[in-house]
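A.B. asks: Numbering (the numbering used here), first residue to last: 5 to 540. So that we are looking at the same thing, I have put the structure below in structure tokens.
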């Protein structure tokens with residue numbers, strides 16, 4: 005009896021850590037939205053070829069052959085207990101040392117999932133506990149429990165399905181609460197921001213600009229889903245808030261329209277439209293239509309800020325009549341234009357020209373790159389619409405703070421890191437390479453490549469490799485398989501093969517860069533940081 009109890013404890017210990025990993029992957033894959041979780045399981049089939057397969061096989065031997073032979077039964081139980089503890093320790097180590105872009109967040113939803121999975125696993129345990137004197141029955145339960153451990157990644161999903169009615173009820177409660185709160189705030193101005201690239205940066209820049217005169221509340225970090233907006237509204241919006249800035253993300257058409265129905269923006273900003281999440285949208289046409297759902301949801305007295313340098317925005321046939329404010333750098337027929345742009349390792353300076361005004365107004369910012377100038381122009385355009393003076397706008401732009409992990413320049417020991425690790429894309433990667441090219445000294449690019457670009461992923465990564473070759477002295481590629489197209493692009497441009505370094509762990513890149521000491525400064529661009537769902 006004691007041995008059975010020890011085995012149960014070992015199996016629970018094993019399950020605890022494996023269950024944590026499964027929950028983490030389910031959460032990172034948006035609880036299987038658009039089958040993301042099952043796609044991850046298909047790509048990472050090796051999770052089913054682990055030591056818990058041995059656990060399953062031993063339990064199968066026990067239930068089929070030796071449950072009548074006490075000596076062999078004891079050996080099997082001890083073997084299973086040892087292996088179960090070993091599996092638990094292995095999963096624990098993996099979780100601790102994984103390069104977690106975003107660790108498991110113990111939200112109320114995750115806690116409910118833990119409760120449901122615990123109940124599912126508790127049923128066979130209780131059956132075994134109440135029948136410890138029946139060896140055959142105990143071995144049958146041990147086998148069933150081993151199967152459940154082996155299939156844990158599916159059990160977690162089953163728990164998610166069981167919890168669906170509860171989650172729908174919770175969602176509706178908080179949705180109605182958020183809508184009611186917004187309805188009661190009659191004077192609140194709501195701004196929606198969407199696009200393929202730069203949403204979070206644009207939101208943070210706009211917030212810094214508007215806060216020089218108003219109390220503006222942006223959605224925190226990258227909370228751009230319905231749940232993210234509801235959390236912000238219910239927990240952070242108050243009677244002192246003048247402006248609510250809602251970042252809006254989407255993976256398929258219709259999602260931005262639903263977000264607009266929730267927050268009802270009067271103002272909208274479209275950042276650059278490109279191929280981000282092409283895999284889930286299906287086509288570039290769907291991406292454009294999805295992003296314009298924001299503009300076409302604005303009321304007739306609404307205001308939209310669009311980028312005339314973006315052909316996709318210029319060529320789109322808008323289906324509603326709102327006031328349009330065009331920004332640009334290359335095109336001159338715009339409402340707000342930036343000229344004389346000069347970049348350095350300290351930041352960017354430029355002049356702004358407003359339509360109908362020949363005066364050139366000088367602006368300075370600590371931010372790097374032309375794409376940030378576009379984001380600033382959008383903030384200036386809406387700032388003027390809200391009655392903020394030129395001098396106030398100049399002061400606000402000068403104090404705009406860099407967004408974390410988005411071309412964030414920082415000193416790390418003996419080198420400068422240009423941290424652009426958040427969710428790379430073709431336009432962002434090109435901009436980042438241009439920024440690196442403006443830096444003095446030795447230039448290094450560290451990247452695992454770009455993802456979620458559908459059947460064009462290899463194509464864009466090859467181009468990225470060619471862009472790296474134009475500006476970098478060293479290319480450090482993270483993950484040999486994922487980065488093959490980048491390496492091909494580098495070699496196509498005649499990049500020195502000896503200066504292409506491949507690691508499977510980004511931490512090795514830091515060690516390599518720190519060894520590049522000499523008279524010249526070292527600038528290292530860290531472009532993209534894939535989440536755990538893409539680890540090789």
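Note that CB positions come from ideal geometry on N, CA and C, so glycine has one too. In this text, all values refer to a predicted model and were calculated from it rather than measured experimentally.
1) Counting pairs of beta carbons, one from the region 81–89 and one from the region 13–29, are three or more of them closer than 8 Å?
2) When the distance is taken between beta carbons, is residue 260 closer than 7 Å to residue 297?
3) Would you tell me roughly how many angstroms separate the C-alpha atoms of residue 295 and residue 222, rounded to the nearest one?
4) Go through the region 411–493 residue by residue and report every complete run of the alpha helix (DSSP H) that reaches 4 residues or more, in order.
5) Just verifying my parser: in three-state terms, what is the DSSP assignment at residue 216?
6) Compute the Euclidean distance between the alpha carbons of residue 479 and residue 449, then round it to the nearest angstrom.
7) Would you call the CB atoms of residue 199 and residue 274 closer than 7 Å?
8) Taking the CB atoms as reference points, tell me whether residue 471 and residue 434 lie closer together than 7 Å.
9) Just mark residue 68 as buried or exposed, buried being the case when its beta carbon has 16 or more other beta carbons within 10 Å.
10) Rounded to whole angstroms, how far is the Cβ of residue 322 from the Cβ of residue 300, which I believe are closer than 8 Å?
11) Could you tell me the alpha carbon to alpha carbon distance between residue 106 and residue 32, rounded to whole angstroms?
12) Would you be able to state if there are at least three C-beta pairs under 8 Å between the region 409–428 and the region 482–494?
13) Taking 8 Å as the limit between beta carbons, can you name the residues of its chain near residue 524, skipping five residues before and five after?
14) Where are the beta strand (DSSP E) runs, 3 residues long or more, that stay fully inside the region 206–290, in chain order?
15) Skipping 5 residues on each side, what residues in its chain have a beta carbon closer than 8 Å to that of residue 78?
16) In three-state terms, what does DSSP make of residue 351?
17) Mind reading off the beta-carbon distance from residue 345 to residue 378? Whole number of angstroms is fine, and I expect it under 8 Å.
18) Out of 21, 477, 52, which has the shortest C-alpha to C-alpha gap to residue 90?
19) Evaluate residue 187 with the Cβ neighbour count: other Cβ atoms within 10 Å of its Cβ, from every protein chain shown; 16 or more gives buried, anything less gives exposed.
20) Assign residue 420 to buried or exposed, taking buried as 16 or more other Cβ atoms, counted over all protein chains shown, within 10 Å of its Cβ.
21) In the structure shown, what three-state DSSP assignment does residue 379 receive?
22) Using the Cα positions of residue 40 and residue 47, report the straight-line distance between them to the nearest angstrom.
23) Between 279, 271, 324, 313, which lies nearest to residue 387 when the distance is taken from Cα to Cα?
24) Closest to residue 358 by C-alpha separation, out of 349, 336, 351, 207, would be which residue?
25) How do the region 371–385 and the region 347–356 stand: do at least 3 beta-carbon pairs fall below 8 Å, yes or no?
26) Look at the alpha carbon of residue 54 and the alpha carbon of residue 28, and state the distance between them as a whole number of angstroms.
27) Under the assumption that residue 30 contacts residue 160 (Cβ atoms under 8 Å), give the Cβ distance between them as a whole number of angstroms.
28) Mind checking residue 425: buried by the 16 CB within 10 Å criterion, or exposed?
29) For my contact list, residue 504 and residue 481 are in at a C-beta cut-off of 8 Å; report their separation, rounded to the angstrom.
30) Measure the CB-CB distance between residue 340 and residue 312 and report whether it falls below 7 Å.
C.D. replies: Here's the rundown:
1) yes
2) Walking along the chain shown from the start, residue 297 turns up at place 293. Walking along the chain shown from the start, residue 260 turns up at place 256. In this structure, residue 260 lies closer than 7 Å to residue 297 by Cβ.
3) For this step, residue 295 is matched to residue 291 along the chain shown. For this step, residue 222 is matched to residue 218 along the chain shown. Between residue 295 and residue 222, the C-alpha separation is close to 19 Å.
4) 430–441, 461–475
5) Residue 216 sits at position 212 when you count from the first residue of the chain shown. Residue 216 falls in the coil class under three-state DSSP.
6) Translated into the one-based positions of the chain shown, residue 479 becomes position 475. Translated into the one-based positions of the chain shown, residue 449 becomes position 445. Roughly 5 Å separates the two Cα atoms.
7) For the purposes of this step, residue 199 is identified with residue 195 of the chain shown, where counting begins at 1. For the purposes of this step, residue 274 is identified with residue 270 of the chain shown, where counting begins at 1. Yes, the Cβ-Cβ distance between residue 199 and residue 274 is below 7 Å.
8) Locating residue 471 in the chain shown gives position 467, counting from the first residue. Locating residue 434 in the chain shown gives position 430, counting from the first residue. Their beta carbons are under 7 Å apart, which means residue 471 touches residue 434 by this criterion.
9) Translated into positions along the chain shown, residue 68 becomes position 64. It counts as exposed.
10) Indexing the chain shown from 1 puts residue 322 at position 318. Indexing the chain shown from 1 puts residue 300 at position 296. Correct: roughly 7 Å between the Cβ atoms.
11) Residue mapping note: residue 106 aligns to position 102 of the chain shown, counting from 1. Residue mapping note: residue 32 aligns to position 28 of the chain shown, counting from 1. Those two C-alpha atoms are separated by around 8 Å.
12) no
13) Position 520 of the chain shown, counted from the first residue, corresponds to residue 524. Closer than 8 Å at the Cβ level, and outside the excluded window around residue 524, lie 444, 445, 446.
14) 220–222, 247–251, 271–274
15) Here residue 78 refers to the residue found at position 74 when the chain shown is read from its first residue. Correct list, in chain order: 7.
16) For the purposes of this step, residue 351 is taken as the residue at position 347 of the chain shown. Note: residue 351 maps to strand in three-state DSSP.
17) As a first step, residue 345 must be located in the chain shown, where it is residue number 341. As a first step, residue 378 must be located in the chain shown, where it is residue number 374. Not confirmed; about 11 Å, so no contact.
18) Start at 1 with the first residue of the chain shown, and residue 90 comes out as number 86. Here the closest residue by C-alpha is 21.
19) On the chain shown, residue 187 is found 183 positions in, with the first residue counted as 1. Answer is exposed; the Cβ neighbour count stays below 16.
20) On the chain shown, position 416 is the one that residue 420 refers to. Buried: at least 16 other Cβ atoms inside 10 Å.
21) Locating residue 379 in the chain shown gives position 375, counting from the first residue. Residue state, collapsed to three classes: helix.
22) Taking the chain shown and counting its residues from 1, one reaches residue 40 at position 36. Taking the chain shown and counting its residues from 1, one reaches residue 47 at position 43. Near 11 Å, if we compare the C-alpha coordinates of residue 47 and residue 40.
23) For the purposes of this step, residue 387 is identified with residue 383 of the chain shown, where counting begins at 1. Comparing Cα positions, the closest option is 271.
24) Position 354 of the chain shown, counted from the first residue, corresponds to residue 358. Of the listed residues, the one whose Cα sits closest to residue 358 is 336.
25) yes
26) The residue given as residue 54 occupies position 50 in the chain shown. The residue given as residue 28 occupies position 24 in the chain shown. About 18 Å.
27) Taking the chain shown and counting its residues from 1, the one referred to as residue 30 is at position 26. Taking the chain shown and counting its residues from 1, the one referred to as residue 160 is at position 156. That belief holds up - the Cβ atoms of residue 30 and residue 160 are roughly 6 Å apart, short of 8 Å.
28) The sequence position of residue 425 within the chain shown is 421, counting from 1. Label assigned to residue 425: buried.
29) For the purposes of this step, residue 504 is taken as residue 500 along the chain shown, with counting starting at 1. For the purposes of this step, residue 481 is taken as residue 477 along the chain shown, with counting starting at 1. Confirmed, Cβ separation roughly 7 Å.
30) Here residue 340 refers to the residue found at position 336 of the chain shown. Here residue 312 refers to the residue found at position 308 of the chain shown. Taking 7 Å as the Cβ cut-off, residue 340 and residue 312 do not qualify as a contacting pair.
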